[in-house]
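Residue numbers (my numbering), protein chains in the order written: chain A, 21 to 136; chain B, 5 to 115. Every residue gets a Cβ at the ideal spot worked out from N, C-alpha and C, and that includes glycine. Notes follow once the structure below has been shown.
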Amino acid sequence: GAVVSQHPSWVICKSGTSVKIECRSLDFQATTMFWYRQFPKQSLMLMATSNEGSKATYEQGVEKDKFLINHASLTLSTLTVTSAHPEDSSFYICSARDGKGNQPQHFGDGTRLSIL
Amino acid sequence: LAKTTQPISMDSYEGQEVNITCSHNNIATNDYITWYQQFPSQRPRFIIQGYKTKVTNEVASLFIPADRKSSTLSLPRVSLSDTAVYYCLVGENSGNTPLVFGKGTRLSVIA
Numbered sequence: 021g022a023v024v025s026q027h028p029s030w031v032i033c034k035s036g037t038s039v040k041i042e043c044r045s046l047d048f049q050a051t052t053m054f055w056y057r058q059f060p061k062q063s064l065m066l067m068a069t070s071n072e073g074s075k076a077t078y079e080q081g082v083e084k085d086k087f088l089i090n091h092a093s094l095t096l097s098t099l100t101v102t103s104a105h106p107e108d109s110s111f112y113i114c115s116a117r118d119g120k121g122n123q124p125q126h127f128g129d130g131t132r133l134s135i136l
Numbered sequence: 005l006a007k008t009t010q011p012i013s014m015d016s017y018e019g020q021e022v023n024i025t026c027s028h029n030n031i032a033t034n035d036y037i038t039w040y041q042q043f044p045s046q047r048p049r050f051i052i053q054g055y056k057t058k059v060t061n062e063v064a065s066l067f068i069p070a071d072r073k074s075s076t077l078s079l080p081r082v083s084l085s086d087t088a089v090y091y092c093l094v095g096e097n098s099g100n101t102p103l104v105f106g107k108g109t110r111l112s113v114i115a
């Protein structure tokens, strides 16, 4: 089945640091990838839709200058949390769907980000 | 996007069948119904997906009535390892349409 790989799985860094998270579709091409954020004991919240070769579409309330998304190829999307602060600490999960036919959405293993 | 409503939590004993019902009154013609399972600090895992009637796989069954305004996920003979949050999602299965998660149902299986 379709596999989505996410890296790194865990990041701890100081406040003010920028952190890049990579999301790769390993065995299919994904013109669109999705980024979610999940706080403890809460549901996944859609942050943005990443489109290959064009600008990402951000959900209401998500700062595009804070969360930079780049989707430079059909298999790779990156999320950069710029100048991260403790309130950005969360579980970030990417997702993609194989565009061929009727396919479910597959998720990466997530990145736990802790800002000190 | 169709909004879903499901119980916040459910408890069950090991070995019992668990049925989780989800309401989606505003489901659209092109929408599919998909269920995911999530353990703490892990990614959501696909369980089952359907459009109408009944779908069964090796881990669960999905029952969808004719009006498609609700669906029921059935987990046969649950074990302690089935303790997780279960999400019901409704939406098109097209490449650029994201799934929007509701609050999910927290299932606790008791020995």
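So, helix, strand or coil for residue i, using DSSP?
i	result
A:Glu42	strand
B:Leu84	helix
A:Asp108	helix
A:His27	strand
B:Gly108	coil
A:Gly81	coil
B:Tyr91	strand
By a C-beta neighbour count over all protein chains shown, 10 Å radius and 16 as the cutoff for buried, is residue i buried or exposed?
i	result
B:Gly19	exposed
B:Gly54	buried
B:Pro69	exposed
B:Tyr17	exposed
A:Val101	buried
A:His27	exposed
A:Pro124	buried
B:Thr9	exposed
A:Gln62	exposed
A:Gly81	exposed
A:Pro60	exposed
Just to confirm my understanding: we take residue i, look at its own chain, exclude 5 residues before and 5 after, and list those with CB closer than 7 Å. What are they?
i	result
A:Lys34	Leu136
B:Asn34	Glu96
B:Ala88	Gln41, Gln42, Phe43 and Leu111
A:Leu88	Thr100 and Thr102
Give me, in chain order, the residues of the same chain whose beta-carbon lies closer than 8 Å to that of residue i; leave out the 5 immediate sequence neighbours on both sides.
i	result
B:Glu21	Ser78, Leu79, Pro80, Arg81 and Val82
A:Pro106	Ser35, Ile135 and Leu136
B:Lys58	Ser65, Leu66, Phe67 and Ile68
So which residues on chain A does residue i lean against when the C-beta distance must stay under 8 Å?
i	result
B:Ser45	Phe111, Gly130 and Arg132
Which residues in chain B sit within 8 Å of residue i, going by Cβ to Cβ distance?
i	result
A:Pro124	Thr38, Phe50, Gln53 and Asn97
Residues in the same chain with beta-carbon distance under 6 Å from residue i, minus the five sequence neighbours each way, listed in chain order, please.
i	result
B:Thr38	Gln53 and Leu93
A:Val23	Leu46 and Asp47
B:Leu103	Leu93 and Gly95
A:Ala50	Ala116
A:Ala76	Ala68, Ser70 and Ile89
Kindly list, in the order they appear in chain B, the residues whose Cβ is closer than 7 Å to that of residue i.
i	result
A:Thr98	The contacting residues do not exist; A:Thr98 stays about 18 Å from chain B at best.
A:Phe127	Arg47 and Pro48
Between residue i and residue j, how many whole angstroms is the CB-CB distance? I'm expecting something under 8 Å.
i	j	result
B:Val113	B:Leu84	5 Å
A:Ser97	A:Met67	Contact flag wrong, Cβ pair sits at about 12 Å.
A:Gln58	A:Phe127	Not quite, the Cβ-Cβ distance comes to about 11 Å (not below 8 Å), so this is no contact.
Taking residue i as the query, report the chain A residues whose CB atoms sit under 7 Å from its CB, ordered along the chain.
i	result
B:Pro102	Phe54, Leu66 and Thr69
B:Lys107	Ser63
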